[in-house]
Every structure is written in structure tokens, then in C-alpha cells.
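Engineer: Below is a structure I'd like to ask you about.
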Amino acid sequence: MHNTDTRRASRLVVAQAIAMLVIAGPAALLGWRIARDVLIGGSAATLGSAVFALWVFGAYRAQEPGRLVARFYGGELAKILTVATVFGLAVAWLEDINPVAVFGAFLIVQVLPPLLANRIAR
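Structure (C-alpha cells):
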């Protein structure tokens with residue numbers, strides 16, 4: 000079961016990375032800054048999911064099922080901190096950031112791949 004869950008989590012992170020690149024392509028038609036901001040937002044979502052997956056599924060032991068809930072909470076906290084760090088660094092370093100592109104890409108990359116994965120799995 001652990002291998003199946005790990006594979007699913009890995010596929011989701013890969014799907015998020017692909018979605019980010021797919022969105023950045025057309026965004027580049029609007030200018031390189033928009034594409035950059037889309038990549039920042041998509042990276043925040045993808046990195047957050049990767050951190051969560053590593054936290055929850057890394058060094059997992061089935062003998063301690065009670066700790067799994069704590070791992071999920073810890074993973075979610077690490078994910079939130081990762082996303083906040085990416086957004087914070089972007090705002091601190093870039094003066095011309097487009098919040099619609101950043102947060103729009105974040106939402107699309109965060110929500111769309113899991114929705115599609117659930118529909119395809121049915």
C-alpha cells in the first residue's frame with residue numbers, strides 16, 4: 000500500500016509540474032514577466048505538494064499507524080510554510096510582480112491536476 004500511495008503522490012507532483020509548464024506557455028505570449036509570475040505561482044504549488052509528499056511518505060513505517068495523522072498535519076504545515084516562503088521571496092525580490100498571474104497559476108496548478116486525477120481514476 001505504501002508504494003501505491005507514494006506512486007500516486009509522485010504522479011500528482013509531476014502532473015502539477017506539467018500543468019505549470021502548460022500554463023506558462025500561453026502566458027509567455029503576454030510577456031516574459033507574466034510567464035515568470037505564472038512559473039512562480041506554479042512552482043509554489045508544486046514545491047508545496049512535493050514537500051508534503053516527502054514529509055508524509057518518506058521513511059513511513061506501517062507499524063506506527065497512529066503517527067500517520069501527525070505526519071499529515073506536519074506535512075501540511077511544511078507545505079504551507081513552503082508556499083508562504085516562495086510567495087514571500089517573490090514579493091521581496093521582484094518589484095513588478097503580477098499578483099493575478101502568481102495566484103491564478105497557483106490555484107490552477109494546486110486544484111486542476113487532483114481534480115483531473117480523480118475524474119480519470121473513476
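Numbered by numbering that gives the first Met the number 0, the letters in the sequence shown go through residues 0 to 121 in order.
The C-beta atom is built at its ideal place from N, Cα and C for all residues, glycine as well.
On a predicted model such as this, the values are computed, not experimentally measured, just so you know.
#1: Going by other Cβ atoms of all chains shown within 10 Å of its Cβ, with 16 needed for buried, is S9 buried or exposed?
#2: For L28, report the span of its alpha helix (DSSP H) as first-last.
#3: Between V101, V85 and Q15, which has its C-alpha nearest L115's C-alpha?
#4: Helix, strand or coil for A58? Go by DSSP, reduced to three states.
#5: Tell me whether L114 sits in a helix, a strand or coil according to DSSP, three-state version.
#6: Please classify I96: does DSSP put it in a helix, a strand, or coil?
#7: Are at least three pairs of beta-carbons, each pair with one atom in the stretch 48-56 and one in the stretch 19-27, less than 8 Å apart?
Structural biologist: Quick answer:
#1: exposed
#2: Per DSSP, L28 belongs to no alpha helix (DSSP H) and is neither H nor E.
#3: Q15
#4: coil
#5: If DSSP states are grouped into helix, strand and coil, L114 belongs with the helices.
#6: In this structure, I96 counts as coil in the three-state DSSP scheme.
#7: no
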